[in-house]
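Everything below concerns the one structure shown next.
In the working numbering, the protein residues as written are 3 to 125.
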């Protein structure tokens, strides 16, 4: 039991170090965190139910996870292929596309709840 607890503590430490690196080194992650905060404020202004905050939190967690993976891909590519290469460009473009997909999901969700609040759709 103690071994499992130590493992969880160490894993949490590695995760926190990863988040620290992500937010210190990636402007995009800081912008996304700011947009997440603004999204919460928007939901408050719209008077949305708790369900929507939970959905937004899940989308935000997925977005930050994809951003972290994208950053990891960029670091690996920079190490393996510091010169310009088709391999490096494709890997980085794919990581960027994954982040864009999550940003689109967040935007679609916010548009849907805004339209629902305005009575334009039933969500």
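Beta carbons: idealized from backbone N, C-alpha and C, even for Gly.
Bear in mind that the values here come from a model prediction, so they are computed numbers and not experimental data.
Which of the three DSSP states, helix, strand or coil, is assigned to residue i?
| i | result |
| --- | --- |
| residue 83 | coil |
| residue 62 | helix |
| residue 47 | helix |
| residue 33 | helix |
| residue 57 | helix |
| residue 123 | coil |
Check for me: the alpha helix (DSSP H) holding residue i runs from which residue to which?
| i | result |
| --- | --- |
| residue 97 | 88-119 |
| residue 21 | 4-27 |
For residue i, collect the residues of the same chain with a Cβ closer than 7 Å to its Cβ; drop the 5 residues on either side in sequence, then sort them by chain order.
| i | result |
| --- | --- |
| residue 21 | none |
In chain order, what residues of the same chain lie with their CB nearer than 8 Å to the CB of residue i, ignoring the 5 residues before and after it?
| i | result |
| --- | --- |
| residue 116 | 44 and 48 |
| residue 79 | 89, 90, 93 and 94 |
| residue 119 | 48, 49 and 50 |
Which residues in the same chain have their Cβ closer than 6 Å to the Cβ of residue i, if we skip the five residues on either side of it in sequence?
| i | result |
| --- | --- |
| residue 123 | 117 |
| residue 84 | none |
Just the C-alpha distance for residue i and residue j, rounded to the nearest angstrom, thanks.
| i | j | result |
| --- | --- | --- |
| residue 86 | residue 72 | 18 Å |
| residue 121 | residue 113 | 12 Å |
Using only the heavy atoms of the ligand NAP, determine whether one of them is closer than 6 Å to the beta carbon of residue i.
| i | result |
| --- | --- |
| residue 115 | Annotation note on the ligand NAP: not contained in the displayed structure, which lists no ligands. |
| Any 3 or more C-beta pairs closer than 8 Å across the stretch 63-71 and the stretch 29-39 | yes
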